[in-house]
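Worksheet: the structure to be examined is printed underneath.
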Amino acid sequence: MVKKMIQAKKETIHALGIDIGIYTADFENEYISLTDIARFRSSDPRITIHSWLRNRDVVDFLGLWEALHNTDFKRSEFDTFKKDAGSNAFTFSIKKWTDEMGAVGIVSKSGRYGGGIFAHSDIAMEFASWISPEFKLYIVKDYRRLKSDENSRLSLNWNLNREISKLNYRIHTDAIKGKLILPQLTSMQKSFVYADEADLLNVALFGETAKEWRDENPDKKGNIRDYADIPHLLVLANLESYNAILIKEGVPQSERLVKLRETAESQLGTILSLDLQKPILIENGTKRIVK
């Protein structure tokens, strides 16, 4: 389900000399500025947008989109709303659309900079087609370029942090071998010790064991860590190093779980407040995110 948009991250695409803003709150659903798209045709974008919204076919399209993507959409209210669509007296009110019908596909944002009317990318592309099929193709081209750049950065960062986690895993297992693996244990018993410590980290970071995750996701290949995002992989690498130190210090497992959980929550909070899409430079001993 698509949720109401709250500004979290802003990007800009470019088409025929026009800058078009994009916002996303969940890094899955993106909202594109209809106001910026409309500037291609008119110096008064709001009039152009509302002219488009008055069309009966457009209202039907918006209603269908909401029905497919928004479980909170009030269909009965929509049926009443659309009766006058297309008539000379019909006016499409975005406020009424969102407040009375629970729609999320189109939103109006206030503000001198970055404000305007935004729509989910599905809807924005329909609007762009109405403005100009040629202009839409240029929008699609740069939008795909943006997605390709983002995917490349995410893939590189994910693989790098996965490798860091693997290196720390070796440090972690060496500590287990040196302090927790007794000489008289059988091979199977040793494997249980390693798995138990791995699950200690899983519980501290993900809140569940590897088996619990597999039971919940029988159709997925791999393990819980293969599906971790970049922030969790970064914290996992740190937890493996920290647990290795705690093991060498002889801290009991129950106490280690508490310490690891506290560390995971603290570090995740810090990392999630950063923009990991942008590189971090170190200048004179001070870290800063590249703008």
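For the sequence shown, the numbering used here assigns the number -6 to the initial residue and increments by one for each residue that follows. Glycine is no exception: its CB is placed at the ideal position from the N, C-alpha and C atoms.
State the Cα-Cα distance for the pair I13 and V52, rounded to the nearest angstrom. The residue labelled residue 13 in the question sits at position 20 within the sequence shown. The residue labelled residue 52 in the question sits at position 59 within the sequence shown. Rounded to the nearest angstrom, the two C-alpha atoms are 24 Å apart.
Is it the case that the Cβ atoms of M94 and E70 are separated by a distance below 8 Å? The residue labelled residue 94 in the question sits at position 101 within the sequence shown. The residue labelled residue 70 in the question sits at position 77 within the sequence shown. Yes, they are a contact pair.
By the 10 Å Cβ neighbour count, where 16 or more other Cβ atoms means buried, how is A188 classified, buried or exposed? Against the sequence shown, residue 188 aligns to sequence position 195. It counts as exposed.
What are the partner residues of A112, as DSSP defines its beta bridges? Looking up residue 112 in the sequence shown gives position 119. Note: A112 sits in a beta bridge opposite I25, I99.
Taking DSSP as the reference, what is the three-state secondary structure of K204? Mapped onto the sequence shown, residue 204 falls at position 211. Three-state result, K204: helix.
From what residue to what residue does the beta strand (DSSP E) around I15 run? Counted from its first residue, the sequence shown places residue 15 at position 22. Unbroken beta strand (DSSP E) run through I15: 11 to 17.
Terminal residues of the alpha helix (DSSP H) in which F81 lies: Stepping through the sequence shown from its first residue, residue 81 is reached at position 88. Looking at the sequence shown, residue 81 is not Phe but Asn. That residue, N81, is in no alpha helix (DSSP H); it is neither H nor E in DSSP.
Which first and last residues belong to the alpha helix (DSSP H) in which D212 is found? Along the sequence shown, one-based indexing puts residue 212 at 219. Premise fails: D212 is in no alpha helix (DSSP H) and is neither H nor E.
Which word fits V251, buried or exposed, when buried means at least 16 other C-beta atoms lie within 10 angstroms of its C-beta? On the sequence shown, position 258 is the one that residue 251 refers to. V251 is exposed by the Cβ-count criterion.
By the three-class DSSP mapping on this structure, what secondary structure does T64 have? The residue labelled residue 64 in the question sits at position 71 within the sequence shown. In this structure, T64 counts as coil in the three-state DSSP scheme.
Among A203, I223, P224, which one has its Cα closest to the Cα of K214? The residue labelled residue 214 in the question sits at position 221 within the sequence shown. Selected option, being the one with the closest Cα: A203.
If you reduce the DSSP assignment to three classes, tell me which class E4 lands in. Locating residue 4 in the sequence shown gives position 11, counting from the first residue. Of the three classes helix, strand and coil, the one that applies to E4 here is strand, per DSSP.
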